[in-house]
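Position 297 of the sequence shown, counting from 1, maps to 312 under our numbering, and the rest follow consecutively. Reviewing the structure listed below.
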Amino acid sequence: MLIQGNFNVEKIIFYNRESKWGVLGCTPKKSTVELNVLLNSFGSITVSGNFEGVYEGCEIELTGEVIVNPKYGKQVQIKSIKVLQDSKGKEGIINFLSKSVIRGISIQNAKKIYNEFKEDSISIVLNNPEKLLSIKGIGDKTYEKIKESVEYYKSIEKLIVFGTDLGLSYSLICKLHDELGENAVEVIKEDPFKILDLSQTITFKQVDEIFLKLGGLPEDENRLERAFLYTLKNIVVIEGSTGTSVNNLRKKFNYTLELSENSNAFNNTLKALKDLNKVSTNDLGNIIYYKEYLEIEKSIAEKVNSLITYGINGLEIDKNIVEEEIRNFPFTLNKQQVESIYKSIQNNISVLTGAAGCVDGSTEYYNGTEWKEIQNYTKGERVLQYNI
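Written out as structure tokens, the structure is:
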């Protein structure tokens, strides 16, 4: 069930500033049968989700979905939330200035601002903050902090209005603002898929939802190419490779875009991206590579091959110097680790690894002679791999 309306925040039950997730106790401004059944034993409605700048005593405009928490019972999960600017009285204005998302205004300074500007106080802070310098106790440092906070407030308010109209969750709106900053709305309007270049935490599904709500067409070439590259990149990162089988990618590409197996979108997009030199395939055409990662791997292979071919092995080691340096370490090395130091000095190429979760200090060591297979890379053969 969807809940919409204005509520008074009676209590902030829990709030985490880092994740911006919390729990509120709220009472509706207008009582209805639907809302009355949500009242808990304290006479309020439990509201949970991501929010910022909410304070006890403020009025919020809320849209949320009724859910049932196994432990705490019925509550409203936030879809969108907005703190309303309370300009109806002295207490409301002072609370808004000192407790909302605007930072840098203490309660004492909020009272001074109200005494100076009365009902225009909020408007002055938001639109003409330089006038605050006329108030005793607000110097340049405090003014700059308030000004910066006001700019943040305005940019996130702009994004909240834009995102709410698109039906985006408040948590996604906050994430977009954290990733894109004050230009978030402009970036999204120009090309939502640019978000994927700027963020490591927002998924293709989330961006695609924005694209479609802005009127984007499902068959848009940019959408198909972005889905293709996003899916391929995720696969190769998770699998620790530079490519994957065409069949595997086709399956996951179709799943991402909810396409049928008979769709020609995959083949058409593959051809377009090969023409753009963003992906490549092997000679058999059954393996597809993320071109950027493939080139990086080739470059590493060539450098390693060069070190093996032209480097100097068998350097003489002054054990006294090495042992002195080891003694100066702020930790103690075991026998294998000491051996690894000597071998890394003696060989051009060294790979030092430890098994995941290893607690006994054991290591594995490979020296330059064990990398000879890497020389075959330029002939199109697979590089010898080690778990680094």
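Heads up, the beta-carbon is just placed ideally off N, CA and C, and yes, glycines get one too.
query: Contiguous alpha helix (DSSP H) assignments of at least 4 residues, all confined to the stretch 94-155; result: 105-114, 122-132 and 136-142
query: Given Glu80 as reference, the closest of Glu49, Leu299 and Ile175 once Cα atoms are compared; result: Glu49
query: Leu274: CB within 7 Å of a non-hydrogen atom of the ligand NAP; result: Because no ligand of any kind appears in the structure shown, any question about the ligand NAP cannot be addressed here.
query: Lys89 to Asn292 span [Cα, whole Å]; result: 53 Å
query: Buried/exposed call for Tyr87, threshold 16 Cβ in 10 Å; result: exposed
query: For Leu274 and Ala280, believed in contact at Cβ under 8 Å, the rounded distance; result: 6 Å
query: Separation of Leu229 from Tyr158, as counted between CA atoms; result: 38 Å
query: Inter-residue spacing [alpha-carbon to alpha-carbon] between Val165 and Asp193; result: 16 Å
query: Span of the alpha helix (DSSP H), counted from its first residue to its last, around Lys350; result: Lys350 to Gln361
query: Per-residue burial, Lys190 [other beta carbons within 10 Å of its own, 16 or more giving buried]; result: buried
query: Exposure label - Val374; buried when at least 16 CB within 10 Å; result: Reliability of the predicted coordinates at Val374 is poor, the pLDDT of 49 falling under 50, and no value is obtained from them.
query: Contact check, Pro207 vs Phe226, beta carbons under 8 Å; result: yes
query: Segment limits, beta strand (DSSP E) that includes Leu274; result: Careful: Leu274 lies outside any beta strand (DSSP E) and carries neither H nor E.
query: Exposure of Asn362, with buried meaning 16 or more beta-carbon neighbours within 10 Å; result: buried
query: Length of the line joining the Cα atoms of Asn65 and Asn130; result: 34 Å
query: 7 Å CB neighbourhood of Phe132 in its chain, flanking five on each side removed; result: Ile139
query: Lys45 and Ile75 closer than 8 Å at C-beta; result: no
query: Through-space distance from Leu187 to Ser256, alpha-carbon basis; result: 30 Å
query: Continuous alpha helix (DSSP H) stretch holding Asn320: start and end; result: Lys306 to Tyr325
query: Rounded straight-line distance, which links the Cα of Asn249 to that of Ser355; result: 34 Å
query: C-alpha gap between Tyr167 and Gly196, whole angstroms; result: 8 Å
query: Contact the stretch 315-322 vs the stretch 257-276: 3+ CB pairs below 8 Å; result: no
query: DSSP-derived helix/strand/coil call for Tyr168; result: helix
query: Local conformation of Pro207 per DSSP, three classes; result: helix
query: Supposed contact pair Thr259 and Ile303 - C-beta distance, whole angstroms, cut 8 Å; result: 7 Å
query: Contacts around Tyr308, its chain only, beta-carbon distance under 7 Å, and the 5 residues preceding and following it disregarded; result: Val251 and Thr257
query: Local conformation of Lys173 per DSSP, three classes; result: helix
query: Beta-carbon proximity list for Gly72, same chain, < 6 Å, skipping 5 on both sides; result: Asn110
query: Residues near Thr284 in its chain [Cβ-Cβ closer than 7 Å; skip 5 each side]; result: Leu239, Glu240 and Phe243
query: Outcome for Tyr357 when other beta-carbon atoms lying within 10 angstroms are tallied against a minimum of 16; result: exposed
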